[in-house]
Amino acid sequence: MQTLTFRLSLLLLASLCIVFRTPETYAQGDRTIRLNQIQVIGTHNSYHAGIAPSEMTIWKAKNAEAVKGLEYKHQTLSQQLDSGVRQIELDIFADSKGGLYADPNGPHIVAAAHLPADPPFDPEGVMQKPGFKVLHMQDIDYRSTCQTFVACLKEVRAWSTSHPNHIPLFILVETKTEQPRPGVQKTVPEPFTSTTFDALDAEIRSVFQPSELITPDDVRGRYDTLNQAVLAGNWPTLAAARGKVAFLMDQSWAGPIYREGHPSLRGRILFTNATPGEPDAAFIERNDGPAAEIAALVRQGYLIRTRTDDSTREARTNSTARRDAMTLSGAQILSTDYPASEPAEWEGHYSVSLPDNVAARCNPVIAPASCKLD
-12 MQTLTFRLSL LLLASLCIVF RTPETYAQGD RTIRLNQIQV IGTHNSYHAG
38 IAPSEMTIWK AKNAEAVKGL EYKHQTLSQQ LDSGVRQIEL DIFADSKGGL
88 YADPNGPHIV AAAHLPADPP FDPEGVMQKP GFKVLHMQDI DYRSTCQTFV
138 ACLKEVRAWS TSHPNHIPLF ILVETKTEQP RPGVQKTVPE PFTSTTFDAL
188 DAEIRSVFQP SELITPDDVR GRYDTLNQAV LAGNWPTLAA ARGKVAFLMD
238 QSWAGPIYRE GHPSLRGRIL FTNATPGEPD AAFIERNDGP AAEIAALVRQ
288 GYLIRTRTDD STREARTNST ARRDAMTLSG AQILSTDYPA SEPAEWEGHY
338 SVSLPDNVAA RCNPVIAPAS CKLD
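Residue 232 in this note's numbering sits at position 245 of the sequence shown, with consecutive numbering throughout.
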């Protein structure tokens, strides 16, 4: 009787292992799929909380057409990740001393126009502290669901550690240095230097452990350059990449500064938005396509980010041609202002998702025929 009971227990345990698959079980099926052989949905300006009502009234009166491109907002980063988003974008401003963005011009313009005061944007005073700040446009569009870079990263890491087997996350970082517009903006941003980028890497390392990151060094491996490694298909397998985060740099102008003293990105954390064929080339942005060029780059081994919509234009008319072309292009990261969990409010309810609303799918251009994602 004890022997029979023992055998029944083993059968029950085996059946549970089939239903509740462990990370190790998932890894067995991911060993032949590379990081660049999947496709995910990302959000553009993922922190964007929208412009407050009175300020929006002011900006519409000044330039109604330009403001159309700012009429979107996102859920918190955690909510986006819960809904299947696997790439987020954070715009960062350097603020080495603190307080540079603590007193935006928007509320002053509202007061001068005798409009009702909008809710305070920084009730806890976090903008007074040194460190990178996350916002879209100084003095104009500055409300964020997470206001400091470190706070955003901590939110992502908390989600990641509570979902240890997740499809790897991509964090796109845009370094902002735009000079103020006369009569509207007063804050002059700090420049980004090699030292500034050292501080950026340090903030990332203050939140994420090395084992939680996918870095250029990980991809380069034994190859002399990152570009050589990528062309040889040396991206990590999905088994090795699950539960981790990769940082990507949005603007190509910042690449040479970030590379100073770090040839082929040795020792750096972010993948630069590089020119194909250059030593640091692994990640490339092609936000406007064309789809055929994206597909060619994907076939070479590069990781590509593109945009399915821009400045609310496609959403206002429910135009899906760009979205559909970019989805079929094989670009691994499809960025949108309107993931399926946040559809556009205009007629047609434009949104972007993968088939069956999955968090990731096998890349339509380069995934092996045997590819299957759980």
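All C-beta atoms in this analysis are idealised placements derived from N, C-alpha and C, irrespective of residue type, glycine included.
Note that the structure is a prediction, hence the values are computed from the model and not measured.
One thing to note: ALA48 has its Cβ no nearer than 7 Å to the Cβ of ARG130. With respect to the C-alpha of ILE291, the residue from ARG18, ILE28 and VAL194 having the closest C-alpha is ILE28. Separation of ARG18 and THR162 (C-alpha to C-alpha, rounded to the nearest whole angstrom) is 35 Å. With distances taken between CA atoms, THR295 lies nearest to LEU321 out of ALA278, LEU321 and ASN305.
Straight across, the Cα-Cα distance linking VAL232 with ILE256 is about 10 Å.
Here DSSP, grouped into helix, strand and coil, assigns SER131 to strand. Here the segment 142 to 149 does not lie against the segment 206 to 224, with fewer than 3 beta-carbon pairs under 8 Å apart.
Ranked by how close their Cα comes to the Cα of LEU140, the residues LYS173, GLY118 and ILE20 have GLY118 in first place. Along the segment 305 to 359, the beta strand (DSSP E) occurs as fully enclosed runs of 3 or more residues at 320 to 323 and 347 to 349, listed in sequence order. With fewer than 16 other CB atoms across the displayed protein chains lying within 10 angstroms of its CB, ASP211 is exposed. In the three-state scheme derived from DSSP, where H, G and I count as helix and E and B as strand, GLU272 is classed as strand. At the C-beta level, LEU159 and ASP237 come within 7 Å of one another. The segment 59 to 73 and the segment 87 to 98 do not touch, with fewer than 3 CB-CB distances between them shorter than 8 Å. In this chain, the alpha helix (DSSP H) harbouring GLN66 covers 64 to 69. DSSP places ARG192 outside any beta strand (DSSP E); the residue lies instead in the alpha helix (DSSP H), whose first and last residues are 181 to 192. Residue environment: GLY56 is assigned as exposed (fewer than 16 neighbouring CB atoms within 10 Å of its CB, all protein chains considered). Judged by their CB atoms, PHE108 and PRO176 are not nearer to each other than the 7 Å cut-off. For a cut-off of 8 Å, the C-beta gap from TYR88 to LYS120 is around 5 Å, short enough to register as a contact. When DSSP states are grouped into helix, strand and coil, VAL160 belongs to the strand group.
In this structure, LEU156 places its C-beta atom within 7 Å of the C-beta atom of ARG73. Secondary-structure assignment with DSSP links GLU76 through a beta bridge to LEU159. Inter-segment contact for the segment 245 to 263 and the segment 300 to 311 is absent: fewer than three beta-carbon pairs are separated by less than 8 Å. Bridge partners of ILE28 according to DSSP: LEU321. Secondary-structure assignment with DSSP links LEU257 through a beta bridge to PHE234. For ILE45, the uninterrupted alpha helix (DSSP H) run begins and ends at 40 to 54, by DSSP. Bounds of the alpha helix (DSSP H) holding LEU140 are 136 to 149. Counting C-beta atoms within 10 angstroms of its own C-beta, PRO197 has fewer than 16 neighbours from the protein chains shown and is therefore classed as exposed.
For ARG294, the uninterrupted beta strand (DSSP E) run begins and ends at 290 to 294, by DSSP. Under the three-state reduction of DSSP output, HIS249 falls in the coil class, being neither helix nor strand.
Taking the C-beta atoms as reference points, ALA327 is found nearer than 7 Å to SER338. The three-state reading of DSSP puts VAL175 in coil, since its state is none of H, G, I, E or B. Distance from the Cα of SER193 is smallest, within the candidate group VAL137, ASP361 and ASP324, for VAL137.
Within the DSSP bridge table, the entry for ILE201 names ALA233 as partners.
DSSP places PRO277 in no alpha helix (DSSP H); its state is neither H nor E.
For ALA269, the closest alpha carbon among the candidates SER239, ALA278, SER298 and PRO351 is that of SER239.
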